[in-house]
Amino acid sequence: MDRRGFVKSMCVMAAAAVGLPATAAEAFAQAVARKKPAVIWLSGQECTGCTESLLRTSHPGLGTLVLDLISLDYHEALSAAAGHQAEAAKHASMEENAGEYVLVVEGAIPTKDGGIYCKIAGQT
2 MDRRGFVKSM
12 CVMAAAAVGL
22 PATAAEAFAQ
32 AVARKKPAVI
42 WLSGQECTGC
52 TESLLRTSHP
62 GLGTLVLDLI
72 SLDYHEALSA
82 AAGHQAEAAK
92 HASMEENAGE
102 YVLVVEGAIP
112 TKDGGIYCKI
122 AGQT
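Numbering-wise (this note's numbering), the sequence shown opens with residue 2 and increments by one.
#1: Roughly how many angstroms separate the alpha carbons of Cys-12 and Asp-69, rounded to a whole number?
#2: Are the CB atoms of Ile-110 and Gly-45 within a distance shorter than 8 angstroms?
#3: Considering only their Cβ atoms, is the gap separating Ile-121 from Asp-74 smaller than 8 angstroms?
#4: Looking at the strands, I want to know which residues DSSP matches up with Tyr-76.
#5: Exposed or buried, what is His-92 when buried is set at 16 or more other beta-carbons lying within 10 Å of its beta-carbon?
See the structure below:
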């Protein structure tokens, strides 16, 4: 069984488990299979104001945005992972989506003195 067949089977079982019609299973399968744009959100020297605005979005809501419209692969403040696991997820997304991901940079990136005034994951 290929990935598409597996996903479709799981969607059929999930729809049946909650009593939804068979047409809902197909809609689920299409939504799950659709490749959403990967977003990597980096934080420089910032006040997290842009993240606060993201959290308060209403059209679409945050849930719709991150579950249906985009794949928020990395965000330091919103990530469930931390430390090495978060960094590994970020680098994996960068490699998997090379040349295709959307990079959001929140805040300033200081460059004076070789950038020593801003460290991200121990690097300047």
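For each residue, glycine too, the CB sits at the ideal point set by N, CA and C.
In this structure, then:
#1: In a straight line, the C-alpha of Cys-12 is about 16 angstroms away from that of Asp-69.
#2: yes
#3: no
#4: The residue asked about is misnamed: residue 76 is His in this sequence, not Tyr. Bridge partners of His-76: Trp-42.
#5: exposed
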